[in-house]
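*Asks:* Attaching a single structure in structure tokens format; questions to follow.
Numbering (our numbering), first residue to last: 1195 to 1562.
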């Protein structure tokens, strides 16, 4: 496998689209209920945890971009092959592929749980799983351009939800935010750590990088995408803390969806039903991008055909999704993944950057 990868011109994307890719993959299933998880740790200073998580994400993305720039048009699979060698590189790539598929399953089973809890309690899991997987197969088969189109329209068509979620502001009590910094620093940092599952997704940059046209602008649009996500999460956590009492928030599993329950429109009686159903459009970029990244990883590492991989992955994911039929199992799966994702997403980029620098330095010394 070559380290550098230069896609055909018809697959190259304008760099500004990276904003939509980053933002759409970060906003998914996590935004429905992250407030409760953070609030349990940091109380009314949970918004500070959100800000810190966002700032650290900017630092990690900066390191990721520096790593990619060392090798030119490449992706994480090519970098692994160069840094670790052929065989160890394949093992590390396989682990990264499993990470992408694991994240896909996380998004899928959590959304199915929300649909069964809020809208269709008697519809079995396999019906939702097959329906969503067929949609994903269709999108991934269309290629990266189709997936990017889904990212773009996911953001554009969901803008209306920002206006609706602002309805609770008239009932908000801003004294819930005071006093600032009452929680200990350790509690705030624990809250920051709990943001992992909510804010990850930006690591997709490792895979889409060679498909971007003007790579000198990658940093600009990547950071803009993350900033947009951070502002959205900050707005949602502030609205949630000021609207709910402490006791209510600690016992509300999906605070964001609960905010829709107070919205009453002349033509819609149950706004939360619309929001939950519409959420499929929001999580679709998550599913498409992670699935595509996994398929691309196998193609780059083992040079297998895409069509067969898509069907095999879909069948395995379908079987796995049937196992998670209770809230307890889903929570355990989420917690296990979040603990691993923290190291893969927030710590590993620093290690990979250092190893890449050492490898480059050793190569330059050999040339001399």
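Ideal Cβ placement from N, Cα and C applies to all residues, glycine included.
Since residue 1146 sits in a beta bridge, which residues does DSSP pair it with?
*Replies:* Since the displayed the chain opens at 1195 and closes at 1562, residue 1146 lies outside it and no answer follows.
*Asks:* For residue 1165, does the three-state DSSP call read helix, strand or coil?
*Replies:* Here the chain covers residues 1195 to 1562 and nothing more, so residue 1165 does not appear.
*Asks:* In this structure, what does DSSP give as the bridge partners for residue 1319?
*Replies:* In DSSP, residue 1319 forms no bridge with anything.
*Asks:* Looking at the secondary structure, which residues open and close the alpha helix (DSSP H) in which residue 1310 lies?
*Replies:* 1280 to 1312
*Asks:* When you compare the CB of residue 1212 with every CB in chain C, is at least one pair closer than 7 Å?
*Replies:* You won't find chain C in this structure, because it holds only one protein chain.
*Asks:* Tell me the DSSP bridge mates of residue 1207?
*Replies:* 1406
*Asks:* How many whole angstroms separate the CB atoms of residue 1271 and residue 1404, which I take to be in contact at a CB cut-off of 8 Å?
*Replies:* Not really, about 10 Å apart at Cβ, beyond 8 Å.
*Asks:* Run through the DSSP bridge pairs and tell me what residue 1268 is partnered with.
*Replies:* Residue pairing by DSSP puts residue 1268 in a beta bridge opposite 1198.
*Asks:* Can you give me the Cβ contacts of residue 1398 inside the same chain, cut-off strictly under 8 Å, excluding the 5 residues immediately before and after it?
*Replies:* 1215, 1216, 1219, 1483, 1484, 1487
*Asks:* Ignore the nearest five residues each way along the sequence and tell me which others in residue 1299's own chain have a CB closer than 7 Å to its CB.
*Replies:* 1511, 1514, 1515
*Asks:* For residue 1226, is the classification buried or exposed, using 16 other Cβ atoms within 10 angstroms of its Cβ as the cut-off for buried?
*Replies:* buried
*Asks:* Excluding the 5 residues preceding and the 5 following residue 1391 in the sequence, name in chain order all residues of the same chain whose CB lies nearer than 6 Å to its CB.
*Replies:* 1224, 1532
*Asks:* Straight-line CA distance for residue 1290 to residue 1352?
*Replies:* 30 Å
*Asks:* Please report the straight-line C-alpha distance between residue 1530 and residue 1394, rounded to a whole angstrom.
*Replies:* Their backbone Cα atoms lie some 15 Å apart in a straight line.
*Asks:* Do you know offhand how far residue 1253's Cα is from residue 1505's?
*Replies:* 37 Å
*Asks:* Can you tell me whether residue 1334 is helix, strand or coil according to DSSP?
*Replies:* helix
*Asks:* Would you mind giving the Cβ-Cβ distance between residue 1445 and residue 1248, rounded to the nearest angstrom? I have them listed as a contact below 8 Å.
*Replies:* Rounded, the Cβ-Cβ distance is 27 Å, inconsistent with contact.
*Asks:* Mind reading off the beta-carbon distance from residue 1524 to residue 1304? Whole number of angstroms is fine, and I expect it under 8 Å.
*Replies:* 7 Å
*Asks:* Is it true that the region 1204 to 1213 meets the region 1270 to 1285, where meeting means three or more beta-carbon pairs spaced less than 8 Å apart?
*Replies:* no
*Asks:* With a threshold of 8 Å on Cβ separation, who are the neighbours of residue 1239 within its own chain once the five nearest residues in sequence on each side are excluded?
*Replies:* Around residue 1239: 1374, 1375, 1376, 1377, 1381, 1382, 1385.
*Asks:* Would you call residue 1547 buried or exposed, if buried means 16 or more other Cβ atoms sit within 10 Å of its Cβ?
*Replies:* Buried, by the Cβ-count rule.
*Asks:* Would you kindly work out how many angstroms separate the C-alpha atoms of residue 1320 and residue 1339, rounded to a whole number?
*Replies:* 29 Å
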